[in-house]
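The letter at position 36 of the sequence shown is residue 36 when you use the numbering used here, and the numbering goes up by one with no holes.
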Amino acid sequence: MTDLTAHYDVVCIGGAMTGTAAAYFLSENPDFDGSVLVVEPDWTYDFANTTRAQNSIRAQFTNEVNIALSTFGMDFIDDFHHHVEVNGESPELNFRGTGYLFLADTDELYDQLERESVDQLARGADVEMLRPGQVAERFPYMDADRLTGARLGGMREGSFDGWALFQGLRQRAVHNGVTYVKDRVVGLDVLRSRVTTVRLESGRSVGCGVAIDAAGCRARQIAVMAGLDLPVEPRARTSFVFACREPIESVVPLTITPAGVHFRREQHHFMCGTVPRDDVAIDPDDFDVRHDEFEDQIWPVVSTYVPRFDQIRLVTSWGGQYDYNTLDHNLIIGPSSQVENLLFANGFSGHGLQQGPAVGRGLSELITYGEYRTIDLTPLGYGRIERNEPIVEHAII
C-alpha cells in the first residue's frame with residue numbers, strides 16, 4: 001500500500017487522461033511548488049475512456065474555445081517527446097495525419113459546412129471546401145455523385161496512440177514527484193464551502209487544498225459527495241473494426257457522413273462507429289458491445305458512400321463510453337459557486353483525449369495563478385450549468 005501524507009495541495013480524483021494531464025502540468029509549472037496526489041481505482045485503466053477511445057484529433061469545431069483546445073493538443077503532439085521524455089526516452093505516439101472529412105449530401109448542409117469553415121480559418125484551422133469532382137479526384141474510392149461537397153481538414157488532424165499519450169504524461173508526472181495511489185474516493189468532507197478531506201475506500205483520508213473531479217463517467221457521483229449536481233452521464237459508444245475485400249490505396253481521412261456514421265483507416269483495416277438510435281444513460285460498468293449497430297446503422301451507410309465497403313468483414317469490436325454532458329455536449333471546467341475548491345473537468349462527450357492536454361494546462365493555471373493565462377476557459381465553466389445556458393457546438397461526433 002502506497003504511503004500517503006496527511007495533506008496534499010491538489011488531489012486529482014481520477015487518474016486517466018484529464019487527471020493525469022492536470023498533474024503533469026502542475027508538476028511542470030515552476031510557479032507551483034505544492035504536492036499532488038492522483039487517486040485511481042482502475043490501476044490497469046482497462047475501463048477508462050482514454051483506453052477505449054478511437055484516438056483522433058481535429059481542429060474542425062465550430063466553437064472558438066473548442067478549436068483552441070484541440071489546436072493546443074496538436075501542438076503538444078508535435079513536440080511530444082520534448083514534453084514528456086524521461087532520461088531521454090518517451091513512448092511512441094505513431095501520429096498519422098489524414099485530416100477529417102465532413103461529407104454533405106444537400107446544398108443546405110454544404111452551405112453550413114462552408115459558413116463554419118470561414119470561422120475555422122479565421123481561428124487558425126487548416127480546412128478547405130471540396131465540390132464533388134474534387135472529392136472524386138482526392139478520394140477515388142468515394143461515390144462522389146451522392147455528395148454536394150465536403151469539408152477537409154489539414155494533415156495535423158489525424159489519429160495517434162492514445163495510450164502512449166497518456167503514459168507519457170503519467171511517467172513524466174511521476175518523475176516530477178506526483179504521487180499515484182490505487183484507491184477509490186468514497187466521500188468528501190465539505191466545511192465552509194470548501195472540500196477539506198477526501199475519504200478513500202481503503203479507509204484512509206487525506207486533506208486537500210484543491211480537489212479536481214476528473215472521474216469521467218462517474219463524475220456525477222463525485223459531485224454529489226459535495227452536495228452538487230453535474231449533468232454528466234455515461235452513454236454507450238461501440239467501436240468496430242472491419243476489413244475490406246478490395247484494398248484502398250489512397251488516404252482515408254476520418255470521414256463523417258451526414259447520418260453521423262464515421263470511419264477511418266486503422267492500419268490495414270477500418271475503424272468506425274456511430275451514435276446509438278436509443279442514446280440514453282447507461283450503467284457506468286456497462287461496456288457491452290452494441291452488435292446491432294454495425295449491421296443496422298453502420299454498414300448500410302458506409303457502403304452507400306464507399307461502394308467497395310459492400311464487401312466487408314467485421315474483425316473486432318469493443319464497448320466504450322462517453323462522459324456525456326446532457327446540457328450541451330461540451331466540457332465543464334472549474335469550480336461551482338457553492339464549493340470553491342472542487343474543480344470540475346468533465347463532460348467532454350467524446351473529446352477528452354484530444355482536449356486533455358489543454359485542459360490540464362488550464363487547471364494548472366487556475367490553481368497556480370487563480371486565472372486562465374493561455375486559453376480563456378471561462379465560457380466552459382460550471383456557471384453556465386447553474387444558469388442553464390448551453391454553449392453551441394455544431395460539430396459533435
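Glycine included, C-beta positions come from ideal geometry on N, C-alpha and C.
| message | Can you find the residues in the same chain that come closer than 7 Å, C-beta to C-beta, to S398, ignoring five residues on each side of it along the sequence? | response | This structure gives no information on residue 398, because the portion of the chain shown stretches from 1 to 397.
| said: Just verifying my parser: in three-state terms, what is the DSSP assignment at D399? | reply: With the chain running from 1 to 397 in the structure shown, residue 399 is simply not present.
| query | Under 8 Å between the Cβ atoms of G124 and T71? | reply | Along the sequence shown, one-based indexing puts residue 124 at 124. Along the sequence shown, one-based indexing puts residue 71 at 71. A contact, by the Cβ cut-off of 8 Å.
| request: Following the continuous beta strand (DSSP E) through P132, name the residue where it begins and the one where it ends. | output: If you number the sequence shown from 1, residue 132 lands on position 132. Note, P132: premise wrong, no beta strand (DSSP E); alpha helix (DSSP H) at P132 to R138.
| field | Rounded separation between D384 and T106 - CA only | value | One-based indexing of the sequence shown puts residue 384 at position 384. One-based indexing of the sequence shown puts residue 106 at position 106. Checking the sequence, you will find Arg at residue 384 rather than Asp. R384 and T106: Cα-Cα distance of roughly 34 Å.
| request: Assuming T326 and P231 form a contact by the criterion Cβ under 8 Å, report the distance between their Cβ atoms to the nearest whole angstrom. | output: The count along the sequence shown starts at 1 and reaches residue 326 at position 326. The count along the sequence shown starts at 1 and reaches residue 231 at position 231. With a Cβ gap of about 5 Å, T326 and P231 count as contacting.
| message | Once DSSP output is grouped into helix, strand and coil, what is the label at E266? | response | Along the sequence shown, read from residue 1 onward, the residue named residue 266 stands at position 266. Strand, per DSSP.
| said: Relative to the C-alpha of V190, which candidate in P379, E371, P357 and L342 has its C-alpha closest? | reply: As a working note, residue 190 is residue 190 in the sequence shown. Here the closest residue by C-alpha is L342.
| said: Quick check for students: name the residue ranges of the beta strand (DSSP E) that lie wholly in the stretch 272–360, counting only runs of 3 or more. | reply: 312–325, 332–335 and 342–346
| field | Distance between beta carbons of F242 and V306, contact taken as under 8 Å | value | Position 306 of the sequence shown, counted from the first residue, corresponds to residue 306. Position 242 of the sequence shown, counted from the first residue, corresponds to residue 242. With a Cβ gap of about 11 Å, V306 and F242 do not count as contacting.
| said: By the DSSP assignment, the alpha helix (DSSP H) with D200 in it spans what residues? | reply: Numbered from its first residue, the sequence shown carries residue 200 at position 200. Looking at the sequence itself, residue 200 is Leu, so the reference to Asp does not match. L200 -> not in any alpha helix (DSSP H); beta strand (DSSP E) instead, spanning R194 to L200.
| Between the CA atoms of D183 and Q60 - distance to the nearest angstrom | For the purposes of this step, residue 60 is identified with residue 60 of the sequence shown, where counting begins at 1. For the purposes of this step, residue 183 is identified with residue 183 of the sequence shown, where counting begins at 1. Near 38 Å, if we compare the C-alpha coordinates of D183 and Q60.
| query | On the premise that A214 lies in contact with G14, defined as a C-beta separation below 8 Å, what is that separation, rounded to the nearest angstrom? | reply | The count along the sequence shown starts at 1 and reaches residue 14 at position 14. The count along the sequence shown starts at 1 and reaches residue 214 at position 214. With a Cβ gap of about 4 Å, G14 and A214 count as contacting.
| query | In terms of residue numbering, what span does the alpha helix (DSSP H) encompassing D78 cover? | reply | Within the sequence shown, residue 78 is the residue found at index 78, counting from 1. Element bounds for D78: E64 to D78.
| request: Report the rounded CA-to-CA distance for D288 versus G320, giving the unit in angstroms. | output: Numbered from its first residue, the sequence shown carries residue 288 at position 288. Numbered from its first residue, the sequence shown carries residue 320 at position 320. Approximately 8 Å between the Cα atoms of the pair.
| request: Can you tell me which of the three DSSP states P390 falls into? | output: Mapped onto the sequence shown, residue 390 falls at position 390. It is coil, neither helix nor strand.
| task | Classify T238 as helix, strand or coil using the three-state DSSP reduction. | result | Looking up residue 238 in the sequence shown gives position 238. Note: T238 maps to strand in three-state DSSP.
| task | Using three-state DSSP, classify R9 as helix, strand or coil. | result | Sequence index remark: in the sequence shown, residue 9 carries index 9 (1-based). Residue 9 is actually Asp in this sequence, not Arg. The answer is strand: DSSP assigns D9 an E or B state.
| message | Mapping the DSSP letters down to three states, classify A211 as helix, strand or coil. | response | The residue labelled residue 211 in the question sits at position 211 within the sequence shown. Correct three-state label for A211: strand.
| Taking C-alpha atoms, which residue in G154, Q221 and G149 lies nearest to E137? | Numbered from its first residue, the sequence shown carries residue 137 at position 137. Comparing Cα-Cα distances from E137 to each of G154, Q221 and G149, the minimum goes to G149.
| query | Is V261 closer than 8 Å to V302 when the C-beta atoms are compared? | reply | On the sequence shown, residue 302 is found 302 positions in, with the first residue counted as 1. On the sequence shown, residue 261 is found 261 positions in, with the first residue counted as 1. Yes. Within cutoff.
| Does DSSP classify G149 as helix, strand or coil? | As a first step, residue 149 must be located in the sequence shown, where it is residue number 149. Correct three-state label for G149: strand.
| task | Determine the burial state of A22: buried for a count of at least 16 other Cβ atoms within 10 Å of its Cβ, exposed for fewer. | result | Position 22 of the sequence shown holds residue 22. Under this definition A22 is a buried residue.
| field | Simplified DSSP assignment, three categories, for E40 | value | Residue 40 sits at position 40 when you count from the first residue of the sequence shown. In this structure, E40 counts as strand in the three-state DSSP scheme.
| said: For a test of the three-state rule: what should DSSP assign to F47, helix, strand or coil? | reply: Counting from 1 along the sequence shown, the entry for residue 47 is found at position 47. Note: F47 maps to coil in three-state DSSP.
| said: Can you check which of these residues, D376, F348 and H351, is closest to R361 by C-alpha distance? | reply: By 1-based counting over the sequence shown, the position of residue 361 is 361. Ranking the options by Cα distance to R361, first place goes to D376.
| message | Mapping the DSSP letters down to three states, classify M142 as helix, strand or coil. | response | Here residue 142 refers to the residue found at position 142 when the sequence shown is read from its first residue. Coil, per DSSP.
| Closest residue to A173 among T44, Q355, T18 and L69 (Cα-Cα distance) | As a first step, residue 173 is located in the sequence shown; it is residue number 173 there, counting from the start. Of the candidates T44, Q355, T18 and L69, the one whose C-alpha sits nearest the C-alpha of A173 is T18.
| query | What three-state label does DSSP hand M17 in the structure shown? | reply | In the sequence shown, counting from the first residue as 1, residue 17 sits at position 17. Helix at M17.
| Strand pairing of L113, partner residues [DSSP] | By one-based count along the sequence shown, residue 113 stands at place 113. DSSP lists no partner for L113.
| request: Using 10 angstroms around the beta-carbon of M271, count the other beta-carbons present and answer buried if the total reaches 16, otherwise exposed. | output: On the sequence shown, residue 271 is found 271 positions in, with the first residue counted as 1. M271 is buried by the Cβ-count criterion.
| L121 burial status per 10 Å Cβ neighbour count (16 or more: buried) | Here residue 121 refers to the residue found at position 121 when the sequence shown is read from its first residue. Exposed: under 16 other Cβ atoms inside 10 Å.
| field | Residue from T304, V86, G73 and T374 whose Cα sits closest to the Cα of F263 | value | The residue you call residue 263 lines up with position 263 of the sequence shown. Among T304, V86, G73 and T374, the Cα nearest to that of F263 is on T304.
| L366, DSSP secondary structure in three states | As a first step, residue 366 is located in the sequence shown; it is residue number 366 there, counting from the start. Looking at L366 - three-state DSSP - the assignment turns out to be helix.
| From what residue to what residue does the alpha helix (DSSP H) around L380 run? | By one-based count along the sequence shown, residue 380 stands at place 380. Premise fails: L380 is in no alpha helix (DSSP H) and is neither H nor E.
| message | Quick check on this structure: which residue in A211, Y24, I67 and D126 has the alpha carbon closest to the alpha carbon of A395? | response | To locate residue 395, count along the sequence shown from 1; it is residue 395. Comparing Cα positions, the closest option is I67.
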